[in-house]
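Sequential numbering from 1 applies to the sequence shown in the UniProt record's numbering. Backbone N, C-alpha and C fix where the C-beta goes; we use that ideal spot for every residue, glycine too.
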Amino acid sequence: MQSEPETVCNVAISFDRCKITSVTCSCGNKDIFYCAHVVALSLYRIRKPDQVKLHLPISETLFQMNRDQLQKFVQYLITVHHTEVLPTAQKLADEILSQNSEINQVHGAPDPTAGASIDDENCWHLDEEQVQEQVKLFLSQGGYHGSGKQLNLLFAKVREMLKMRDSNGARMLTLITEQFMADPRLSLWRQQGTAMTDKYRQLWDELGALWMCIVLNPHCKLEQKASWLKQLKKWNSVDVCPWEDGNHGNELPNLTNALPQGANANQENMGQCKSLEYQHLPAHKFLEEGESYLTLAVEVALIGLGQQRIMPDGLYAQEKVCRNEEQLISKLQEIELDDTLVKIFRKQAVFLLEAGPYSGLGEVIHRESVPMHTFAKYLFTSLLPHDAELAYKTALRAMRLLVLESTAPSGDMSRPHHIASVVPNRYPRWFTLSHIESQQCELASTMLTAAKGDVRRLETVLESIQKNIHSSSHIFKLAQDAFKIATLMDSLPDITLLKVSLELGLQIVLTVALSLFSSNPALHVL
1 MQSEPETVCN VAISFDRCKI TSVTCSCGNK DIFYCAHVVA LSLYRIRKPD QVKLHLPISE
61 TLFQMNRDQL QKFVQYLITV HHTEVLPTAQ KLADEILSQN SEINQVHGAP DPTAGASIDD
121 ENCWHLDEEQ VQEQVKLFLS QGGYHGSGKQ LNLLFAKVRE MLKMRDSNGA RMLTLITEQF
181 MADPRLSLWR QQGTAMTDKY RQLWDELGAL WMCIVLNPHC KLEQKASWLK QLKKWNSVDV
241 CPWEDGNHGN ELPNLTNALP QGANANQENM GQCKSLEYQH LPAHKFLEEG ESYLTLAVEV
301 ALIGLGQQRI MPDGLYAQEK VCRNEEQLIS KLQEIELDDT LVKIFRKQAV FLLEAGPYSG
361 LGEVIHRESV PMHTFAKYLF TSLLPHDAEL AYKTALRAMR LLVLESTAPS GDMSRPHHIA
421 SVVPNRYPRW FTLSHIESQQ CELASTMLTA AKGDVRRLET VLESIQKNIH SSSHIFKLAQ
481 DAFKIATLMD SLPDITLLKV SLELGLQIVL TVALSLFSSN PALHVL
């Protein structure tokens with residue numbers, strides 16, 4: 001700045017195989033990232049390489065000197081920096097002249113200018129002490145003064161390192177994790193039986209996500225992964241290590257607004273999607289012709305969404321399952337499907353339907369398996385214009401909700417009109433059940449809308465609704481939806497849809513009547 005006095009800083013930078021391996025600067029600034037003077041010198045070296053003279057390692061230069069030159073070199077060095085190096089020079093001289101000194105037991109001498117050998121690991125300079133101090137400072141601020149933003153910047157830096165295959169990524173994440181584990185609030189929350197704050201949970205989520213990126217990195221050696229596994233197990237064994245759900249308390253929060261419900265859930269997201277243009281970049285290293293990074297990314301996303309997985313125990317973990325699924329689908333909705341991507345969708349839909357226990361859309365799944373309603377709705381709307389038969393087959397398979405089937409046999413109309421009252425006595429508890437049932441209802445409504453005018457498919461969808469949806473409120477909503485779709489102003493009434501609406505309405509009346517009958521002994525006599 002013009003208003004500030006000009007200062008001169010002494011900067012030293014060491015390179016090894018195109019990486020900055022160490023830096024020192026007399027400015028005294030302490031930070032995780034390089035100071036402005038180091039950056040300036042680095043840019044100067046990049047832009048004007050001829051202006052920065054390269055030297056052989058000092059050991060090679062000394063080897064070329066005779067005795068007189070060596071003596072002159074040492075004496076001039078001591079003369080110029082006598083206050084700094086004279087005590088060290090005298091100590092080294094005494095040790096060299098002593099036959100039994102430790103320094104004489106080692107062949108040769110160290111050379112900091114020689115760099116590492118070709119077999120040694122080389123990595124970018126990282127000030128580990130500063131990383132620890134910065135993370136500790138941010139955590140101590142408890143999410144205030146932008147500390148959460150600063151921690152997210154550190155996480156972004158780790159991602160950047162992993163992208164560049166910089167081994168410092170794992171080093172830096174290890175340092176960050178150690179400071180998280182040393183946070184005194186963890187033991188306090190554990191003692192008090194209280195939950196972590198939402199911001200703090202999100203930071204731990206990001207921490208876990210980064211560790212997954214590291215341990216799944218195909219470029220890492222087996223011994224590295226073994227070392228990380230050992231470290232992760234060590235952290236996991238510590239008492240204060242937080243659970244994924246983050247809820248140590250006995251009181252449950254109000255779940256009414258925990259997740260978006262019903263028709264608003266994606267707006268028994270879409271509005272925010274920006275029209276982005278994705279392009280097919282050829283992936284020459286892969287075997288099949290026509291594959292691109294975009295097709296591979298879409299296929300991996302579909303594989304992940306369709307995997308069968310057991311619902312986790314905790315409230316926060318269950319919310320995260322729903323939230324992550326909807327975020328990934330929202331990302332997929334930004335992509336405009338072309339013929340190549342439609343082939344990927346068809347391939348994966350068929351595979352998921354025919355797969356065994358791997359698939360959440362397989363013929364047989366675990367009772368506690370995470371439902372596929374949200375994913376199936378996306379598949380249905382994507383496949384419908386291209387392969388209606390496959391779209392309906394996929395959506396109808398996903399309509400099931402086995403966790404409720406176990407509480408009441410199929411077709412038993414004597415059960416309560418809403419099963420939610422039974423669930424709290426189960427283990428594990430499905431805290432997000434109301435949201436899941438809303439997604440099931442949305443899937444059914446979407447199929448009803450698309451099946452208008454098709455008698456066979458409307459009857460099939462109706463049978464699926466009657467078999468799989470257990471909430472009277474959702475059946476009532478579907479009866480309303482069927483009536484609205486059947487009586488749109490711009491077309492003649494759809495008789496089949498009106499019959500669907502009538503049958504669903506009668507099912508509600510019958511369910512409520514039987515519920516009243518079973519709960520009132522006086523009516524049994526009548």
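Check: Buried or exposed: which applies to phenylalanine 431, given that a residue is buried once 16 or more other Cβ atoms fall within 10 Å of its Cβ?
Finding: buried
Check your understanding: What does DSSP give as the partner residues of isoleucine 310 in its beta bridges?
Key -> Ser369
Going by Cα to Cα distance, which pick from Glu223, Asn236 and Ala317 is closest to phenylalanine 180? Asn236
Review point. In this structure, does DSSP put proline 493 in helix, strand or coil?
Key: Secondary structure of proline 493 (DSSP, three-state): coil.
Less than 8 angstroms between the C-beta atoms of aspartate 494 and lysine 452, yes or no?
yes
Member of Glu288, Tyr378 and Arg429 whose CA lies at the smallest distance from the CA of proline 312
Closest option to proline 312, Cα to Cα, is Arg429.
**Asked** Nearest-angstrom Cα distance between lysine 393 and threonine 446?
**Response** 14 angstroms
*Would you call the segment 129 to 140 and the segment 82 to 101 touching, i.e. three or more CB-CB distances under 8 angstroms?*
Proximity of the segment 129 to 140 to the segment 82 to 101 falls short of the contact definition, fewer than three beta-carbon pairs being nearer than 8 angstroms.
Does the beta-carbon distance from isoleucine 58 to aspartate 111 come in below 8 angstroms? yes
Considering only the beta carbon of each residue, do leucine 162 and cysteine 220 sit closer than 8 angstroms? no
Check: Looking at the structure shown, is lysine 19 part of a helix, part of a strand, or coil, going by DSSP?
Finding: coil
Point to revise | Straight-line Cα distance separating alanine 195 from leucine 186 | key: Straight-line spacing of the CA atoms in leucine 186 and alanine 195 works out to 10 angstroms.
Worksheet item: Do the segment 47 to 64 and the segment 29 to 38 meet, that is, are 3 or more Cβ pairs less than 8 angstroms apart?
Response: no
CB-CB length for isoleucine 508 against leucine 497, believed under 8 angstroms
Taking 8 angstroms as the upper bound for CB-CB distance, isoleucine 508 and leucine 497 are not in contact here, some 17 angstroms apart.
Next on the checklist: DSSP has serine 14 in a bridge; who is on the other side?
Outcome noted: Ser22
Could you tell me whether the segment 460 to 476 touches the segment 500 to 519, where touching means 3 or more Cβ pairs closer than 8 angstroms? Counting Cβ pairs under 8 angstroms, three or more are found: they touch.
* Cβ-Cβ separation, alanine 355 to methionine 399 (assumed contact under 8 angstroms), whole Å -> The Cβ separation is near 18 angstroms, so there is no contact.
Original post:
Since cysteine 441 is in the alpha helix (DSSP H), which residue starts that stretch and which ends it?
Top reply: Start and end: 433 to 450.
If you draw a straight line from the C-alpha of residue 539 to the C-alpha of arginine 165, how long is it? Since the first residue shown for the chain is 1 and the last is 526, residue 539 is missing from the structure and cannot be characterised.
List the whole-angstrom C-beta distance separating valine 317 from glutamate 244, where the pair is believed to meet the contact cut-off of C-beta under 8 angstroms. Looking at the sequence provided, one finds alanine at residue 317 rather than valine. At roughly 5 angstroms, the Cβ-Cβ gap stays under 8 angstroms, so alanine 317 and glutamate 244 are in contact.
Margin query: What residue range does the alpha helix (DSSP H) around valine 135 cover?
Written below: 128 to 140
- Task: Kindly indicate which three-state DSSP category proline 282 falls into: helix, strand or coil?
- Result: strand
- Task: Measure the alpha-carbon distance for isoleucine 335 versus glutamate 206 and round it to whole angstroms.
- Result: 25 angstroms
Could you compute how far the alpha carbon of valine 23 sits from the alpha carbon of leucine 56?
19 angstroms
Give the straight-line distance between the Cα atoms of glutamate 291 and valine 300, rounded to the nearest whole angstrom. 13 angstroms
Point to revise | Residue span of the alpha helix (DSSP H) that contains aspartate 481, given as start and end | key: 472 to 486
CB-CB length for tyrosine 378 against isoleucine 329, believed under 8 angstroms:
Right, their Cβ atoms sit about 5 angstroms apart.
Check: Can you pull the DSSP bridge partners for residue 527?
Finding: Lying before the first or after the last residue shown, residue 527 is absent from the chain, which here runs from 1 to 526.
If we ignore side chains and look at the alpha-carbon of each, how far apart do lysine 157 and threonine 174 end up? 13 angstroms
Paired residues, beta bridge with serine 330 - DSSP = Bridge partners of serine 330: none, in fact.
Requested in this report: Answer with buried or exposed for leucine 86, where buried requires no fewer than 16 other C-beta atoms within 10 angstroms of its C-beta.
Outcome: exposed
First and last residue of the uninterrupted alpha helix (DSSP H) at alanine 109:
Careful: alanine 109 lies outside any alpha helix (DSSP H) and carries neither H nor E.
Inset, instruction - Go ahead and pull the three-state DSSP assignment for serine 501. - result: helix
**Q.** Same chain, Cβ closer than 8 angstroms to isoleucine 310, five either side skipped, listed in chain order
**A.** His366, Glu368, Ser369 and Val370
Q. Helix, strand or coil: which one does DSSP assign to serine 101?
A. Coil, per DSSP.
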